[in-house]
Amino acid sequence: MKLKLILFVALLSTVATFSQKQWTLQECVDEALRKNITIQQNKLSLELAKKDVDIAKGNFLPNLNANTGGNFNFGTSFDPRTNDRINTSLFGGSMNVSSGVTVFNGYRNTNTYKQAQLGVETSLLDLKFIENDVSLRVVNTYLNVLFAKENLEAARVQYDISKKQIEAAELRFKNGVIPKGDLLNVQSTAASNLQSVITQENALDIARLTLAQLLQVPVENFDVAPVDVGAPTANLLYKNSSSVYDKSIEVMPEITRAKLAIENADLNIELSKGAYLPTLSATAGLSTNFGFNLNPPAGISNTGFGTQLSDNFGYGFGFNLNIPIFNRLQTKNRVARSVISKEISEFRLLNEKLNLKQTIEQAFLDVKTALKTYEASKLSLEAQEEAFKNAQESYNFGTMTQFDFDQVRNRLVNAQSALIRSKYDYVFKTKVLQFYSGELVFD
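If you count by mature numbering (1 follows the signal peptide of the UniProt record, and there is no 0), then the sequence shown holds residues -21 to -1, 1 to 422, one letter each, in order.
(1) So does the segment 279 to 292 actually touch the segment 218 to 225, counting three or more Cβ pairs closer than 8 Å?
(2) Roughly how many angstroms separate the alpha carbons of Cys7 and Asp31, rounded to a whole number?
(3) Which value, in whole angstroms, describes the spacing of the CA atoms of residue 423 and Ile145?
(4) Assess contact between the segment 126 to 136 and the segment 38 to 53, defined as three or more Cβ pairs (one per stretch) separated by less than 8 Å. Is contact present?
(5) Please identify the residue among Pro158, Ala191, Glu149 and Phe382 whose C-alpha is closest to the C-alpha of Thr3.
(6) Who are the Cβ neighbours of Leu(-15) in its own chain at under 6 Å, not counting the five residues just before and after it?
(7) Are there 16 or more other CB atoms within 10 angstroms of the CB of Lys(-20), so buried, or fewer, so exposed?
(8) Would you give the residue range spanned by the alpha helix (DSSP H) that Gly264 belongs to?
(9) Would you report the Cα separation of Val(-7) and Asp161, rounded to the nearest angstrom?
(10) Using only CA atoms, which one of Leu106, Lys93 and Asn52 lies nearest to Lys22?
(11) For Asn306, which residues from the same chain have a beta carbon less than 8 Å from its beta carbon, with the 5 sequence-adjacent residues on both sides left out?
(12) Note down the Cα distance separating Val76 from Asp245, rounded to an integer number of angstroms.
(13) Please name the residue, chosen from Thr310, Gln166 and Ile18, that lies closest to Ala148 on a Cα-to-Cα basis.
(14) Could you name the residues that DSSP lists as bridge partners for Val203?
(15) Starting from Asn301, trace the beta strand (DSSP E) both ways and give me its first and last residue.
(16) If you drop the 5 nearest sequence neighbours on each side, which residues of the same chain put their C-beta closer than 8 Å to that of Gln413?
(17) Helix, strand or coil for Tyr405? Go by DSSP, reduced to three states.
(18) In the DSSP assignment, the alpha helix (DSSP H) including Phe376 goes from what residue to what residue?
(19) Could you name the residues of the same chain whose beta carbon sits closer than 7 Å to that of Gln96, not counting the 5 residues immediately before and after it, in chain order?
(20) Between which two residues does the alpha helix (DSSP H) harbouring Thr189 extend?
(21) Note down, in chain order, each residue of its chain lying with its Cβ closer than 6 Å to the Cβ of Ser24, except the 5 sequence neighbours on either side.
(22) Using a Cβ-Cβ cutoff of less than 8 Å, which residues in the same chain neighbour Phe407 once the five nearest sequence positions on both sides are dropped?
(23) Below 8 Å on the Cβ atoms is my guess for Asn243 versus Gln19; work out the distance and round it to an integer in Å.
(24) By Cβ distance below 6 Å, which residues in the same chain neighbour Asp404 in space, the five residues on each side in sequence not counted?
(25) Do the segment 255 to 262 and the segment 359 to 369 make contact, defined as three or more Cβ pairs closer than 8 Å?
(26) Taking only the alpha-carbon atoms, compute the straight-line gap between Ala186 and Gln309 and give it to the nearest angstrom.
(27) State the beta-bridge partners of Gly72 as determined by DSSP.
(28) Helix or strand or just coil, what does DSSP make of Phe39?
(29) From Thr91 to Glu249, what does the alpha carbon distance come to, in whole angstroms?
(30) Which residues in the same chain as Gln386 place their Cβ atom closer than 6 Å to its Cβ, once the five residues preceding and following it in sequence are excluded?
(31) May I ask you to report which of helix, strand or coil DSSP gives Ser78?
(32) What would DSSP say about Thr67, mapped onto helix, strand or coil?
(33) So is Gln395 buried or exposed if we call it buried at 16+ other beta carbons inside 10 Å?
(34) Helix, strand or coil: how does DSSP classify Phe83 here?
(35) Assign Leu156 to one of two classes, buried (16 or more other C-beta atoms within 10 Å of its C-beta) or exposed (fewer than that).
(36) In this structure, how does DSSP classify Ser416 when only helix, strand and coil are distinguished?
Written out as structure tokens, the structure is:
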């Protein structure tokens, strides 16, 4: 009985722990990557690209075909023995096996195979690009949940202070120290603080819902684990935007993809030029045939099926050489078109690099601005906390009105909110820089 009780308690603890699971940032990213529909679609596109490689490989192999057929013939024929025409019923057929292989076609099979391989690499980069985008969205949404939690905690602290002030104000009102109007002001402030708590609870629920939907998990009992983002320091992770760009140019999939597009354009040029070259193919075949008279004349019998196949067996091989001489300038124009397409791809690469550089420069500036904003918010909060202590003492001694005290409190609340907001803004923008440098860590 005691053992059953222990197992029952352990089971309840397990269920409670599961229902109160807090998702880490890494778990959220992994879950989003696993369930994202766009990612799943691109994984299928990757599989299609791999099949294109298999198809291109097949172009190097010879084909092999077999065919057979039969026919019936009815009519009359001349019998030289009797000089009469007789009715005949014949059945005959043939069997053939043939094979062909492309010996040379201007390297088009080779270049098509290379293009298919580039297609696989391109699909992998497309997949990586989407995974990066989803990961950043998860990080941002996750930090929004933590930001909402801190805002809610700050609002609850203010509400607790208001409730204590109501008790103090009621006591002072009973003792005739303050008029009823001051008591009502304290109660009104507490009601306003309670409304702020409710607003922040709603903001937290929305932030959790957004993240849960991004992960495609039930929002009931969904929560995230706290992350020690620490206090931002004046030392930036990177000295300048150029250092981030130099790393980014090697790891960002959009840059590598643009480079692959140039390689693909080169192969298109070679494919177009291949039409200038001759094409050589070889063929080989085996064949035999058979025939039976369904109404043979008296004294005559049909030769056996196996004997006919053996007697009529034959084989052969050959080749075909096709030399292009003039095709209405089509090849020349296709080559010229491929060259222009390559130039377009080269400009796309330059544009991708320029966009990346500008994005990183803006991200680096955003980090510097966010850090300055955080430092200013920290100083402002320190000043407001000191002002609030003095105001609280003055209010307790009756040398400050309720209105003036509420003004000081409001400035403190605003300073707390500004610090929380600036801290998470700085953390996320730092994560963005880490992302572009290829050093993003989900912790």
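The C-beta atom is built at its ideal place from N, Cα and C for all residues, glycine as well.
From the atom records:
(1) no
(2) 34 Å
(3) Residue 423 lies beyond the stretch modelled for the chain, which goes from -21 to 422, so this question has no answer here.
(4) no
(5) Ala191
(6) With a pLDDT of 37 at Leu(-15), under the threshold of 50, the modelled position of that residue is not reliable, and the figure given next carries that caveat. Within the same chain, Leu(-15) has no close Cβ partners at all.
(7) Residue placement at Lys(-20) is poorly supported in this model, since its pLDDT is 40, which falls under 50; the coordinates are not used for a value here.
(8) Careful: Gly264 lies outside any alpha helix (DSSP H), inside the beta strand (DSSP E) at Thr258 to Asn272.
(9) In this predicted model, Val(-7) has a pLDDT of only 42, less than 50, meaning its place in the structure is not dependable enough to derive any value.
(10) Leu106
(11) Ala254
(12) 40 Å
(13) Gln166
(14) Trp2
(15) Gly293 to Asn301
(16) Leu216, Leu419 and Val420
(17) helix
(18) Taken as a continuous stretch (DSSP letters only), Phe376 belongs to no alpha helix (DSSP H), as it is neither H nor E.
(19) Val32
(20) Lys159 to Leu194
(21) Ser102
(22) Val118, Asn119 and Leu122
(23) Actually they are not in contact, since the Cβ atoms of Asn243 and Gln19 sit about 25 Å apart, beyond 8 Å.
(24) Ala349
(25) no
(26) 60 Å
(27) Gly49 and Phe269
(28) coil
(29) 10 Å
(30) none
(31) strand
(32) strand
(33) buried
(34) strand
(35) It is Val, not Leu, that sits at residue 156 in the sequence shown. By the 10 Å Cβ count, Val156 comes out exposed.
(36) helix
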